[in-house]
Structure formats: C-alpha cells, structure tokens
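My numbering applies: residue 131 is where the sequence shown begins, and numbers increase by one.
Ideal placement from N, C-alpha and C gives every residue a C-beta, glycine not left out.
What follows is a set of notes on a single structure, which appears directly below.
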Amino acid sequence: MNVFQGRTLSWRLLDEIIEVALHREPCNEIGSTTLEEMEQLGRLLEGRSPSARALIFYSEIPAGFSAGADLRESYKRVQGLTASQRTTGIREFLERIHRVFNLIDAAPLVTVAATHGVVFGGGFELALTCDMIVADRTARFCFPELRLGLIPGFGGIPRLKRDLGNGLVRDLLLTGRSINAAKAAGVGLVSQLVGEGQALRAARSIAAQACKFDPKAASVAKGFIKSIPYDELHQEIALFCDLFNRPAVDAALRKFVESGVVQPYLP
131 MNVFQGRTLS WRLLDEIIEV ALHREPCNEI GSTTLEEMEQ LGRLLEGRSP SARALIFYSE
191 IPAGFSAGAD LRESYKRVQG LTASQRTTGI REFLERIHRV FNLIDAAPLV TVAATHGVVF
251 GGGFELALTC DMIVADRTAR FCFPELRLGL IPGFGGIPRL KRDLGNGLVR DLLLTGRSIN
311 AAKAAGVGLV SQLVGEGQAL RAARSIAAQA CKFDPKAASV AKGFIKSIPY DELHQEIALF
371 CDLFNRPAVD AALRKFVESG VVQPYLP
C-alpha cells in the first residue's frame, strides 16, 4: 500500500521515502483510532516494499507534533469497570502501542521525526522511536505524566535513557518541565535545529541523503548503534498499570476531563 488516508494519520510512499502525516485535531492525541491506524502502518513496515528506504513522521496540526495520549478517551473507557478490568484494558492498550512503537524503532529504514510546537507525553515517545529528531524553534519537549500521578507509558523512559544522560532524563521525568528546541539540540536529543516551519523540509533532506547509501549496510549500522531496551519496556508497562488504578490518578483524570482547557496539566 503506497497511499493511505486515515481519520488521524495518512501516509504515502514517494521516491523511496514513506511520509506519515499526523492530522487529528486538536493536537494529534493518541487514542484508539490513532492506534488502529498506526497498527496498519506497523503492518506496512513488516511487509514493506523493497523500495522504501526512509520514513518521516510530521504533523499537519499547527499546535504541534503531538500532545500525547488521549486521556479523555482513556478515562471514559474505564468508567464502571472493576480494578481488574481496568488493569486488563490499559495493559492491552499499552501492549498494542508498544508493539507498534517497537516496529518503528527497529524498522530497517532511516526514520526521522519532524517536530514543531507541542511534543509532549506520548507524542514525545513517538518521536523517540525515530533515529533522528528534527525540531523547528517552536518545539517543546515534555513528560507531564507525573502531574497526573502516572509515568510515561508508551516506552519513553527506556528510550530516553538509551539516547541521553540520566541527568536530563530525571529532570524531565521528575519535574514535568518542558525544554525548548535549543536546549534539546544542545543536549543531543535533537539532531538538527531549524527555523520555524522548516522541520519537514530538513527531514526530507536527511531522508534523501540516507537513501543514497547501501540499504543493507544502513540496516546493520542502525541495529548496531540503536539497541531496543525490551526488558525495561516490559517493566514500564507493569509500573504504569500499578499506578493507574490509584484513587489519586482517577481524581486527576476526572479533573482533566472536566476541564475546558485542551491540556490543563501542561506546564
């Protein structure tokens, strides 16, 4: 499938590059529909066309790359369920999203996230699956989950630990603060910092350059330098599920859902 048009994301294969556009208002929140369409992308990657050499994620939403998980949907989904049913449901969702993110992480393609604006929570975690992150100057990166009594659940902690020093990981995780694109570039999280509105153009340039080289050598090099922390990813799911059923989390999510602000917990 060289072209796909979904409700929350779309993709096309053009000149050896798969471009995945995120386009769910208000800011690409990742819920059940997005997950289903990402699973279709995962199947594409598993049985990919030999002509595909690179992949780019970008957002068509002005507010940013992605604000993360659709917490309103998550809260409504578990209402009226027993604690056991809630845990089973959230675990199944996390296992599905981890499987897709792991496929993206391990894909024998050069993958690039072209980011701007909000790159928070699950959106940040999606960007971390990619080999490189390009950011325009409006981009801000954050893990706000502790504000809700949770931890990142889409694989963010193990992947950020893999890519950066523990000092910044602890800062982002334990304070919930965001960092701007310049700081992200300074610590090596972002491989290229560009002007506002230029991230996709830069990502396309990176992908085109990567396509010039032998695909087998590129795949071997990627596998050698980018290990996937599967054990820690499994542990993250277990920890998230343990936290999710606490009354404090339920109260925080209820406050979030009842708020008229799109993302009231954001710093």
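In chain order, which alpha helix (DSSP H) runs of at least 4 residues are fully inside the segment 319-382? Fully contained in the segment 319-382 are the following alpha helix (DSSP H) runs of length 4 or more, in chain order: 329-340, 345-355, 360-374.
Nearest CA to the CA of phenylalanine 284: which residue from Glu159, Asp145, Leu152? Start at 1 with the first residue of the sequence shown, and residue 284 comes out as number 154. The residue with the shortest Cα to Cα distance from phenylalanine 284 is Glu159.
Please list the segments of the beta strand (DSSP E) lying wholly inside the segment 158-215, counting only runs of 3 or more residues, in order along the chain. Complete beta strand (DSSP E) runs here, min 3: 184-189, 194-196.
Below 8 Å, how does it come out for the segment 207-221 and the segment 257-273: are there three or more Cβ pairs, yes or no? No, the segment 207-221 does not touch the segment 257-273.
Expected contact under 8 Å - CB spacing of cysteine 260 and phenylalanine 343 to nearest Å: To locate residue 260, count along the sequence shown from 1; it is residue 130. To locate residue 343, count along the sequence shown from 1; it is residue 213. Not a contact, Cβ separation roughly 18 Å.
Helix, strand or coil, according to DSSP, for phenylalanine 273 in the structure here? Residue 273 sits at position 143 when you count from the first residue of the sequence shown. Looking at phenylalanine 273 - three-state DSSP - the assignment turns out to be coil, as it is neither helix nor strand.
Per DSSP, what are the beta-bridge partners of threonine 305 in this structure? For the purposes of this step, residue 305 is taken as residue 175 along the sequence shown, with counting starting at 1. Its beta-bridge partners do not exist; DSSP assigns none.
Along the beta strand (DSSP E) that carries arginine 142, what are the first and last residues, could you check? For this step, residue 142 is matched to residue 12 along the sequence shown. Start and end: 139-144.
Between arginine 154 and the rest of its own chain, which residues show a CB-CB distance below 6 Å, the 5 nearest in sequence each way excluded? Reading the sequence shown from its first residue, position 24 is the one you call residue 154. Take arginine 154, set aside five residues on each side of it, and the residues of its chain with a beta-carbon closer than 6 Å to its own are Thr138, in chain order.
Exposed or buried, which one is alanine 381 when buried takes at least 16 other CB atoms within 10 Å? Taking the first residue of the sequence shown as position 1, residue 381 is located at position 251. The residue is exposed, with fewer than 16 neighbouring Cβ atoms inside 10 Å.
The alpha helix (DSSP H) with alanine 312 in it runs from where to where? On the sequence shown, residue 312 is found 182 positions in, with the first residue counted as 1. For alanine 312, the enclosing alpha helix (DSSP H) begins and ends at 311-316.
Three-way DSSP call (helix, strand, coil) for isoleucine 281 in this model: To locate residue 281, count along the sequence shown from 1; it is residue 151. Three-state DSSP puts isoleucine 281 in coil, outside helix and strand.
Continuous alpha helix (DSSP H) stretch holding leucine 152: start and end: What you label residue 152 is simply residue 22 of the sequence shown in a count that begins at 1. Careful: leucine 152 lies outside any alpha helix (DSSP H), inside the beta strand (DSSP E) at 147-152.
Cβ neighbours of proline 288 in the same chain (closer than 7 Å, five flanking residues each side left out): Looking up residue 288 in the sequence shown gives position 158. The residues are Pro359, Glu362, Leu363, Glu366.
Work out the CA separation of arginine 229 and alanine 312 for me, nearest whole Å. To locate residue 312, count along the sequence shown from 1; it is residue 182. To locate residue 229, count along the sequence shown from 1; it is residue 99. When the Cα atoms are used, alanine 312 and arginine 229 turn out to be separated by approximately 31 Å.
Strictly by DSSP, which residues pair up with isoleucine 263? Along the sequence shown, one-based indexing puts residue 263 at 133. According to DSSP, which records beta bridges pairwise, isoleucine 263 is partnered with Ala243.
Beta bridge counterpart(s) of valine 133 as assigned by DSSP: Here residue 133 refers to the residue found at position 3 of the sequence shown. In the DSSP output, where bridge partners are listed per residue, valine 133 has Arg142.
In whole angstroms, give me the CA-to-CA distance for lysine 346 and valine 324. Here residue 346 refers to the residue found at position 216 of the sequence shown. Here residue 324 refers to the residue found at position 194 of the sequence shown. Spanning the two alpha carbons is a distance of roughly 30 Å.
From arginine 142 to serine 204, what does the alpha carbon distance come to, in whole angstroms? One-based indexing of the sequence shown puts residue 142 at position 12. One-based indexing of the sequence shown puts residue 204 at position 74. Computed Cα separation, rounded: 30 Å.
CA-to-CA distance, arginine 300 to glutamate 169, given in whole angstroms: As a first step, residue 169 is located in the sequence shown; it is residue number 39 there, counting from the start. As a first step, residue 300 is located in the sequence shown; it is residue number 170 there, counting from the start. If you draw a straight line from the Cα of glutamate 169 to the Cα of arginine 300, it is about 31 Å long.
Rounded to whole angstroms, what's the CA-CA distance from glycine 297 to glutamate 222? Just pull it up for me. As a working note, residue 297 is residue 167 in the sequence shown. As a working note, residue 222 is residue 92 in the sequence shown. In a straight line, the C-alpha of glycine 297 is about 32 Å away from that of glutamate 222.
Which two residues bound the contiguous alpha helix (DSSP H) that contains alanine 257? Stepping through the sequence shown from its first residue, residue 257 is reached at position 127. Per DSSP, alanine 257 belongs to the alpha helix (DSSP H) from 251-258.
Would you give the residue range spanned by the alpha helix (DSSP H) that leucine 290 belongs to? By 1-based counting over the sequence shown, the position of residue 290 is 160. Leucine 290 -> alpha helix (DSSP H) spans 286-293.
C-alpha distance - lysine 352 paired with glycine 194, whole-angstrom precision: Residue 352 sits at position 222 when you count from the first residue of the sequence shown. Residue 194 sits at position 64 when you count from the first residue of the sequence shown. For lysine 352 and glycine 194, the distance between alpha carbons rounds to 28 Å.
Measuring straight from C-alpha to C-alpha, what distance separates leucine 233 and leucine 174? Within the sequence shown, the letter at position 103 stands for residue 233. Within the sequence shown, the letter at position 44 stands for residue 174. For leucine 233 and leucine 174, the distance between alpha carbons rounds to 10 Å.
Quick one: what's got a C-beta closer than 6 Å to alanine 243's C-beta in the same chain, skipping five residues either side? In the sequence shown, residue 243 corresponds to position 113, counting from 1. Phe187, Ala257, Cys260, Ile263.
Going along the chain, which residues of its own chain have a beta-carbon closer than 7 Å to the beta-carbon of glycine 252, five neighbours each way excluded? If you number the sequence shown from 1, residue 252 lands on position 122. Answer for glycine 252: Ile160, Ser196, Gly198, Ala199, Phe284, listed in chain order.
Please state if the CB of cysteine 272 and the CB of leucine 302 are separated by a distance shorter than 8 Å. Your numbering for residue 302 matches position 172 in the sequence shown. Your numbering for residue 272 matches position 142 in the sequence shown. Yes, Cβ-Cβ distance for leucine 302 and cysteine 272 is below 8 Å.
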